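A short write-up of the structure that comes next.
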Amino acid sequence: MKKWLVFILWSSFVYGQIQEPVIWETSVISDTIKNIYTIRLKANIEKNWHLYSQFSDPNGAIPTEFKFKKNKKYRLIGKVNETESTVAYDEVFEMDLSYFTQKAIFTQKIEIFDTNLNKIEAEVNYQACDDKLCIFRNENFYITLDGSNFFNNQTIDKRSKDLSSSLKLNLKNTSFINKTQNEEGIYSYFNVFILGFIGGLLALLTPCVFPMIPLTVSFFLKQSISSKRGVFNALTYTFFIVLIYCLLSLPFHFIDSLDPEFLNSLATNIYVNIIFFLVFVLFAFSFFGFYEITLPTTWGNKSDQASAINGIIGIFFMALTLAIVSFSCTGPILGTLLAGSLSGDSGAWELTAGMGGFGFALGLPFALFAMFPNVLSRLPQSGGWLNTIKVSLGFIELALALKFLSNADLVAHWGILK
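Under the numbering used here, read the sequence shown as residues 101 to 518, first letter to last.
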């Protein structure tokens, strides 16, 4: 919901006639104590409009905020007080929010150190909404201590001017909302694809995958009747690697279709975050060499036997064999990708994009070295450096484990990681 609102604020601006649903009045009350004054700011609110409280949930509407210009000639006593607000479910933001209708009064006490001071400068930022529109305003007040006062609406800073003075937000214009969500989705998928691609590159540098590159490429080139056929087989092999990893995300699309909010809710579920924490610790110690996480050996054996079939079917099973036998190294990285994607807003589609990026990075060297076989001889020899990279990945897994423990800690308010 928060992300949806941010995109509306930045992308769904509709320019038109300026509406001023909130009119401000300011006054000053002299206290019985010498040099103590109470600044009173009254908001007169149009019918059917809401002005949001200072204490409204910031994940929904923007709370009202007051800023007093710093001056050594006076000091603020406490914080800005406000009259009692209404707390109710807001259909626009789909959550309980605190707001005012008709009028609201805010007061701030100050103590004057210099009796020659006769003007206080203040600024208010606020959001007001009705059932169709939301506006954001920034207004500057110049409050004189003799009781007369005025506010200057011409000194709005550039940021506020861009965001408020001549714009309205049409919350019922779904074409803007859909367009923004689509654009955001594209960027989100691309980012996850890149992260998956980086994960695939890291997987290439593990002892389970790296030694297989020259062996597989040499096999394609030697078994083919021509170099062009060898390149075609290598490209097909790469395609099947990408396809296999993308297919792994299919079950999550099925879950997402049953309950679109289920995958998104995982990010704040205490038990899910604890499970991810334990799984990542398990992955980390696997990378440290205490044990290996592997798939059943019969899967690899049957897939390897099927890869002996000539043609495209055989190449598919070769790609499947790679995915199975390299799982002890790729599994923890895929687990990281799975946890990160499912905690995002797009759920299963982000996972598919990430899996596609991972498979593309994993299969790309096989295609490139088949097209440029002379470069194959320049590959470094397998050795201890591969294990060093594997152990380094283990520390990354531990850091990610702490991240999920922190999520659970924040939601449950345990205070373990303070």
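Even glycine gets a Cβ: it sits at the ideal position worked out from N, Cα and C. None of the values given here were measured: they were computed from a predicted structure.
- Within the same chain, Cβ atoms closer than 7 Å to the Cβ of Trp399 are found at Ile424, the five residues on either side in sequence being excluded.
- Residue pairing by DSSP puts Lys142 in a beta bridge opposite Glu125 and Ile205.
- Judged by DSSP in its simplified three-state form, Tyr226 adopts strand.
- Cβ-Cβ separation between Pro465 and Ile294: approximately 18 Å, too far for a contact (criterion under 8 Å).
- Cα atoms of Tyr152 and Lys209: separation of roughly 22 Å, rounded to the nearest angstrom.
- Asn171 has its alpha-carbon roughly 27 Å from the corresponding atom of Gln227.
- Counted as a single uninterrupted DSSP element, the alpha helix (DSSP H) harbouring Ile412 occupies residues Ile412 to Val425.
- Ranked by Cα distance from Phe297, the first of His150, Leu500, Met455 and Thr488 is Met455.
- Proximity to Phe427 across Thr336, Glu146 and Cys308 peaks at Cys308, based on C-alpha coordinates.
- In the structure shown, Ala188 falls within a strand segment according to DSSP collapsed to helix, strand and coil.
- With 16 or more other CB atoms across the displayed protein chains lying within 10 angstroms of its CB, Arg237 is buried.
- With contacts defined by Cβ atoms closer than 8 Å, Phe380 and Leu500 form a contacting pair.
- Around the Cβ of Gly494, a 10 Å sphere holds 16 or more other Cβ atoms; the residue is buried.
- Segment contact: the stretch 182-189 against the stretch 216-226, fewer than three CB-CB distances shorter than 8 Å; contact not assigned.
- Rounded to whole angstroms, the separation of the alpha carbons of Thr201 and Val128 is 23 Å.
- In this structure, the straight-line span from the alpha carbon of Thr338 to that of Ile409 is close to 18 Å.
- Here Asp231 is near Asn148, since their CB atoms are less than 8 Å apart.
- Using a Cβ distance threshold of 8 Å, Leu422 and Ile341 count as a contacting pair.
- Exposure of Ser327 is indicated by the presence of fewer than 16 other C-beta atoms within 10 angstroms of its C-beta.
- When the five nearest sequence neighbours on each side are left out, the beta carbons in the same chain lying within less than 7 Å of the beta carbon of Thr336 are those of Ile412 and Ile415, in order along the chain.
- Of the other Cβ atoms in all chains shown, 16 or more fall within 10 Å of the Cβ of Trp449; this residue is therefore buried.
- Contact check for Phe213 and Tyr174: beta-carbon distance about 6 Å, within the 8 Å limit, so the pair qualifies.
- For Asn373, the enclosing alpha helix (DSSP H) starts and ends at Ile370 to Phe387.
- Remark: C-beta atoms of Leu343 and Leu462 do not approach each other more closely than 8 Å.
- A straight line joining the alpha-carbon of Glu125 with that of Ile243 spans about 10 Å.
- By the beta-carbon neighbour count (other beta carbons within 10 angstroms, threshold 16), Tyr391 is exposed.
- Under the 10 Å beta carbon count, Phe290 is surrounded by fewer than 16 other beta carbons and is classified as exposed.
- Between Lys134 and Lys203 a beta carbon distance of about 31 Å is seen, past the 8 Å cut, so the two are scored as non-contacting.
- Between Ala470 and Phe320, the CB-CB gap stays under 8 Å.
- Annotation: Pro480 to Asp157 spans about 56 Å, alpha carbon to alpha carbon.
- Taking C-alpha positions only, Phe376 is separated from Phe504 by approximately 6 Å.
- Leu395 and Leu302 have their C-alpha atoms spaced approximately 20 Å apart.
- Within the model, the alpha-carbon separation for Phe387 versus Leu434 is close to 13 Å.
- Look at Ser327 here: in three-state DSSP terms it is helix.
- For Phe166, DSSP records a beta bridge to Val224.
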